[in-house]
Each structure stands twice: as C-alpha cells, then as structure tokens.
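These protein sequences, in sequence, are chains A and B. Residue numbering for the first sequence is 1 to 162, as defined by full-length UniProt numbering. Residue numbering for the second sequence is 1 to 162, as defined by full-length UniProt numbering. Below is one structure; the comments refer to it alone.
2 protein chains.
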Amino acid sequence: MTNVQLTQEQRELIERMGVFYEQHGIPPMEGRIMSLLIVCDEPELTFDQIRELLGISKSATSSALNMLLLTQRAIYRTKPGDRKRYFASNIVQWQEGFTENFQKFFGVIKIMKEALAQRTPKTPEFNGQMAEFIEFIEYLSVEFPRLYQEWCNRNTSNNNNQ
Amino acid sequence: MTNVQLTQEQRELIERMGVFYEQHGIPPMEGRIMSLLIVCDEPELTFDQIRELLGISKSATSSALNMLLLTQRAIYRTKPGDRKRYFASNIVQWQEGFTENFQKFFGVIKIMKEALAQRTPKTPEFNGQMAEFIEFIEYLSVEFPRLYQEWCNRNTSNNNNQ
DNA sequence: TTTTTAGTTCGGAATTTTCAGAACTAAAAA
DNA sequence: TTTTTAGTTCTGAAAATTCCGAACTAAAAA
C-alpha cells in the first residue's frame with residue numbers, strides 16, 4: 001500500500017541527479033535516495049516507501065538512510081501513535097546546516113597551516129602563495145557567515161513587504 | 001640521483017594530508033601526490049622524483065598525475081632543453097582556479113531547478129524551501145566573485161603599503 | 001644507427017565498495 | 001501470549017577501484 005508512484009520522467013531525473021551526487025563523492029544509493037526525497041511529490045517518505053520506490057533491499061535502504069542521517073543530508077520526524085519514521089531531504093532545513101557545512105570545508109586551513117609551518121624558509125615565493133591562500137580561506141570563513149546573514153535580512157524584509 | 005629527501009615528519013604529514021583528501025573524495029595516490037607537492041621543500045618535482053619519494057610504480061604515478069592535471073589540482077612546466085616535466089601543486093596559482101571551481105560547485109542549481117520545475121504544485125511549503133535554497137545559491141554565485149575581488153583589492157593595497 | 005629518457009598502456013592481483021538475502025530484534029498490536 | 005511492524009545485522013557475491021610489473025613508444029642523445 002505505497003500509494004506513491006513515480007513517473008518515468010521522475011525516475012530518469014532521480015538517476016541523473018544520482019550520477020551528479022556520485023560525481024561529488026556520494027555513494028550511488030545515498031545519491032538516489034537524496035534525489036528521490038527531492039523529486040518525489042511526497043515530501044516525506046517512510047523506510048518501506050523508499051525501499052519500494054527504488055526497488056532495493058532493506059539492508060541497502062537501512063545503511064544508506066543511516067549514513068544520510070549521520071551526514072545530515074536527510075532528516076526524519078515521527079508522528080504520534082505511529083512507529084514509522086518519515087524521512088525528508090535536509091534541503092527543507094538547509095539553513096541550519098549551511099554555516100556548519102562551510103565551517104567543515106574550512107577545516108582545510110588547519111592542515112595547510114601545519115604544512116606551511118614545517119616548510120623550509122628557502123622557498124619564500126611558494127610559502128608566500130601558501131600563506132596567501134590560507135589568509136584568503138580565513139577571510140572567507142569570516143565573510144561567509146556575514147554574507148549569509150545579509151541574505152537572511154534582505155529576504156525576511158522582502159517577505160514582510162509582500 | 002634524486003637529491004630530494006623527506007624527513008620522517010614530512011612523510012607522516014603527507015600520509016595525514018592524504019587521508020584528509022581521501023575523506024573528501026580524492027583517490028589515495030592522488031591525495032598523497034598533492035600532499036607531497038605541498039609538503040616537500042622542493043616546489044617542483046619530476047615524474048621520477050615523485051615516484052621515488054613515494055616509492056610507487058610508474059603506472060600509478062602516471063595515472064594519478066594525469067588525473068591531477070585533468071582536475072586542475074596540479075600543474076607542470078617544462079624547461080628549455082629538458083624533456084622532463086616539472087610538476088607543482090596548483091596552490092601556487094589557486095587564484096586562477098578559484099572562481100572557476102566555485103562556478104562548478106554552483107552547477108548544483110541547474111539540476112535543482114529542473115527538479116523544482118517538475119514538482120507538483122500541491123506542496124507549496126516544500127517547493128518554497130527549494131526555491132529559497134536555489135535563490136541563495138544564485139545569490140552566492142554573484143556575491144562570491146565580488147568577495148574575491150574585494151579581497152584582491154585589499155591585499156594589493158596592503159602589499160603596496162609595505 | 002643504437003641507446004637512453006620520460007613516460008604510457010596493458011593485464012591482472014589484491015583490496016574495497018556496494019548491495020542483496022536471510023536471519024534477527026525490540027516494541028507495539030492483537 | 002502470539003503476531004506484526006519497522007527496521008538492523010550478518011554473510012557473502014558481484015562489481016569497481018587501486019596499484020603493481022612488464023611491455024611498449026616516441027623523441028632525443030650518443
């Protein structure tokens with residue numbers, strides 16, 4: 001009794017989005033589930049609906065979903081008097097995850113600094129380029145949250161005006 | 001006749017950076033070569049120096065280097081009257097690649113728009129969140145290059161003052 | 001011309017990843 | 001109590017990736 005169906009167009013889009021995610025380092029099944037949660041008309045799907053719509057095993061569904069939850073790419077909620085979990089793409093609350101994700105990206109500077117610290121002083125040009133790169137990433141890590149804030153402000157005032 | 005050597009500390013740093021890159025979806029050997037090119041005192045290394053310093057085969061060196069060149073993570077130059085290529089980390093010219101890389105990242109909006117376009121109108125809240133997300137990414141794709149420009153300006157004037 | 005250099009390409013072994021199927025579990029329902 | 005539900009865990013097969021060694025190549029040097 002799934003009741004949810006996918007059109008051929010949706011199936012194809014899911015595969016294409018899946019490939020896109022795969023090219024960005026996400027395992028195939030995780031990519032397909034993420035795509036399903038964005039493409040499917042229903043914004044929330046249960047474990048079994050996902051399994052049936054993609055035609056995959058319970059174990060594949062289980063491990064992919066758990067990884068998606070761990071990496072914060074999917075979320076779920078429960079309903080009173082219902083044992084099932086309702087999974088959704090984290091795009092619906094991307095705002096929460098956003099600055100956090102970028103913070104993770106900026107983790108590169110830590111190891112870069114370490115590399116720079118151990119370098120010979122005999123290559124000032126190379127070291128200078130590295131230092132500049134590190135400074136730029138640090139600049140971004142400050143400016144980025146500010147940019148996000150500005151967008152939020154601009155947007156809420158827009159919405160209020162409508 | 002390599003003449004370049006690595007300290008134990010450098011070897012360990014290369015492995016740690018390699019793991020870091022691996023966690024970000026880069027194959028192990030490519031990660032190690034990228035790290036080597038950043039950690040090693042010599043900013044430029046030949047094919048054979050890389051092979052010897054990492055103790056790997058020619059085929060592994062060849063395919064990893066070619067992939068690094070293809071993905072713009074490494075560059076090389078030649079010297080007159082010398083058949084060898086001198087490979088370096090693309091960090092030394094990260095500025096060129098930067099906006100381009102971000103442009104690639106923004107590729108996500110294309111497929112997201114497609115997904116949004118095919119969605120049912122019956123889920124206005126979900127669709128609204130998606131639209132907002134897409135708008136934000138588009139906002140970034142405009143603001144980002146601007147941020148980069150500002151940093152460049154600020155930096156050149158700083159350098160001139162010194 | 002022969003040899004050396006600076007790699008590339010091929011074949012395959014070892015490792016890792018991905019996923020199905022079956023057995024299992026813990027809580028709720030009957 | 002027994003059964004059903006909503007998953008989880010285990011085993012292993014299939015596929016993909018990674019990397020080595022050996023053979024090859026094309027240009028330059030001897």
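Where a beta carbon is used, it is the ideal one built from N, C-alpha and C, also for glycine. Remember, predicted model here, so these are calculated numbers, not experimental data.
Item: Would you mind telling me which residues of chain B sit closer than 9 Å to Glu9(A), beta carbon to beta carbon, in chain order?; Value: Gln118
Item: Spatial neighbours of Met17(B) within its chain, please: CB distance less than 6 Å, with the 5 preceding and 5 following residues excluded, ordered by chain position.; Value: Ser35
Item: Spatial neighbours of Asn161(A) within its chain, please: C-beta separation below 8 Å, excluding the five flanking residues on both sides.; Value: With a pLDDT of 42 at Asn161(A), under the threshold of 50, the predicted position of this residue should be treated as unreliable, and no value is reported.
Item: Could you tell me which of Met112(A), Ala74(A), Phe144(A) sits nearest to Leu13(B), measuring between CA atoms?; Value: Met112(A)
Item: For Glu135(B) and Cys152(A), I'd like the C-alpha separation in whole angstroms.; Value: 11 Å
Item: Cβ of Tyr148(B) within 8 Å of Cβ of Phe98(B)?; Value: yes
Item: Apply the 10 Å Cβ neighbour rule to Phe133(B) and answer buried if 16 or more other Cβ atoms are within range, or exposed otherwise.; Value: buried
Item: Under 8 Å Cβ-Cβ, which residues of chain B neighbour residue 168(A)?; Value: Only positions 1 to 162 of chain A appear in the structure, and residue 168(A) is not among them; the question remains open.
Item: Closer than 8 Å by C-beta to Arg154(A): which residues in its own chain qualify, once you throw out the five before and the five after it? Chain order, please.; Value: none
Item: Between the C-alpha atoms of Met1(B) and His24(A), what's the straight-line distance to the nearest angstrom?; Value: The predicted model places Met1(B) with a pLDDT of 45, which falls under 50 and marks its position as unreliable; any figure quoted below should be read in that light. Cα to Cα, the separation comes out at about 40 Å.
Item: Return the residues of the stretch 29-47 of chain A that lie within a Cβ-Cβ distance of less than 7 Å from chain B, sorted by chain order.; Value: Ile38, Val39, Asp41, Pro43
Item: Return no unless some Cβ of chain A is closer than 8 Å to the Cβ of Met91(B).; Value: Looking at the sequence provided, one finds Ile at residue 91(B) rather than Met. It does; some Cβ of chain A falls within 8 Å.
Item: For the structure I just gave you, are there three or more beta carbon pairs, one from the stretch 42-56 of chain B and one from the stretch 67-79 of chain A, closer than 8 Å?; Value: no
Item: Given that a residue counts as buried once 16 or more other Cβ atoms are within 10 Å of its Cβ, and exposed if not, what is Ala115(B)?; Value: buried
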